[in-house]
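Some notes on the structure that comes next.
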Amino acid sequence: MEELAHAKVNLFLQVLRRREDGFHEIETLIAPITLHDSLIIERADRLEFHCDEPSLAGDDNLVVRAARAFFAETNREQRVRLTLRKRIPHGAGLGGGSSDAAATLRGLNRFFDARLSNELLSSLAARLGSDVPFFLNETAATCSRRGEIVMPAPLSESLSLLLLKPEFGVRTAWAYSRWQATRKLTSTIYQPQKIAGITLSNDLEHPVFEKFVFLAQMKSWLRQQPEVGAALMSGSGSAILAVLRPNALGDSLASRAKNELDPNLWAQVCETI
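Residue numbers for the sequence shown follow numbering that gives the first Met the number 0, so the first one is 0 and each next one is one higher.
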């Protein structure tokens, strides 16, 4: 059986405060996108995990942790082979690892007809990561507290996107550790943008852009292009998303970005779901 693990973009991200448990209280609007990883589930004599990116194939992968959580909850023997095919880049702020974990819980629940409730799956997901519960349901949603409180909020229309990512990634924990609640965001590059009835902004841009200046340059360049209605860093980065205007050619814009910014940019044209 194949289970798709869709990436996400944060269209709005506000950091409210640092919690006593070390996490941060947030409010965010997240949308799944057509870019996805694929998880193949097959019967086997024991729990096996394979990945086409060898560096991600260890037992600490969220897919393995999610599978063990599922089998512990259902008291079933761990007889399954999980093969992960990656397309979502690591360290991009696109939620690849969390989506893989949610796909594992969803897929195993269907594969073994375990009939775990959505509430129980959400509880298992929240133990794996703050944004894993979001990925259980493939619809846009507002997420609060650590991100584990998920309220569906379907978009009024699908957004066409171009995603750009440099060769480096940004660690989520690092980005949040640099956030300061009293920081004044005065530059125009941080000002909210409105498109399709959505106000786009991201409180993590300021600490990330201070260190990774090239990301600020990417966003500024995108906002100057005629095909782009708005541009924003997704999550903690390092991917920058551009909301494309109607009939804009995303592939052409991606080629121009590589020519003018960095020939090694990863680029992906996709849509919100």
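Glycine is no exception: its CB is placed at the ideal position from the N, C-alpha and C atoms.
Query                                                                                                                                                                  : Result
Would A4 pass as a contact of S116 if the rule is Cβ separation under 7 angstroms?                                                                                     : no
By the 10 Å Cβ neighbour count, where 16 or more other Cβ atoms means buried, how is R105 classified, buried or exposed?                                               : buried
Here's a check: name, in chain order, each residue in its chain whose Cβ is nearer than 6 angstroms to the Cβ of T141, leaving out the five neighbours to either side. : L28, M150, A152
Identify whether L16 lies in helix, strand or coil by the three-state DSSP scheme.                                                                                     : The residue you asked about is not Leu; residue 16 is Arg in the sequence shown. Of the three classes helix, strand and coil, the one that applies to R16 here is strand, per DSSP.
Using the C-alpha atoms, what's the distance from A6 back to G95?                                                                                                      : 6 angstroms
Secondary structure at P9, three-state DSSP: helix, strand or coil?                                                                                                    : According to the sequence provided, residue 9 is Asn. The question's Pro does not apply to it. Strand, per DSSP.
Is the CB-CB distance between E2 and A102 below 7 angstroms?                                                                                                           : yes
To the nearest angstrom, how far is it from the Cα of S212 to the Cα of I32?                                                                                           : Just to set this straight, residue 212 is Val in the shown sequence, not Ser. For V212 and I32, the distance between alpha carbons rounds to 26 angstroms.
What is the DSSP secondary structure of W265, reduced to helix, strand or coil?                                                                                        : strand
If I follow the unbroken beta strand (DSSP E) through G228, where does it start and stop?                                                                              : 227-232
In chain order, which alpha helix (DSSP H) runs of at least 4 residues are fully inside the region 86-123?                                                             : 95-110
Determine the direct distance from the alpha carbon of S122 to that of A323, and round the result to whole angstroms.                                                  : Examination of residue 323 is not possible in this model, given that the chain is present from 0 through 272 alone.
Count Cβ pairs between the region 44-57 and the region 14-24 that sit closer than 8 angstroms; are there 3 or more?                                                    : no
Should A253 go down as buried or exposed, given a rule of 16 or more other Cβ atoms within 10 Å for buried?                                                            : buried
DSSP beta-bridge partners for F48?                                                                                                                                     : L81
Are the beta-carbon atoms belonging to Y189 and E209 less than 7 angstroms from one another?                                                                           : no
For Q192, which beta-bridge partners are listed by DSSP?                                                                                                               : L199
Could you check what DSSP says for R42 in three-state terms: helix, strand or coil?                                                                                    : strand
What's the call for N9, buried or exposed, on a 16-neighbour Cβ count within 10 Å?                                                                                     : buried
As a quick exercise: from E118, R126, L81, N136, pick the residue whose alpha carbon is nearest that of F110.                                                          : L81
In or out: A180 buried (at least 16 other Cβ within 10 Å) or exposed?                                                                                                  : With a pLDDT of 47 at A180, under the threshold of 50, the predicted position of this residue should be treated as unreliable, though the coordinate-derived value follows. Under this definition A180 is an exposed residue.
Apply the 10 Å Cβ neighbour rule to G57 and answer buried if 16 or more other Cβ atoms are within range, or exposed otherwise.                                         : exposed
List the endpoints of the continuous beta strand (DSSP E) containing L240.                                                                                             : 239-243
Between the alpha carbons of M0 and E41, how many angstroms are there, rounded?                                                                                        : 7 angstroms
Taking the straight line between their C-alpha atoms, what separation do you get for W313 and S159?                                                                    : Here the chain comprises residues numbered 0 to 272, so residue 313 is not present and cannot be evaluated.
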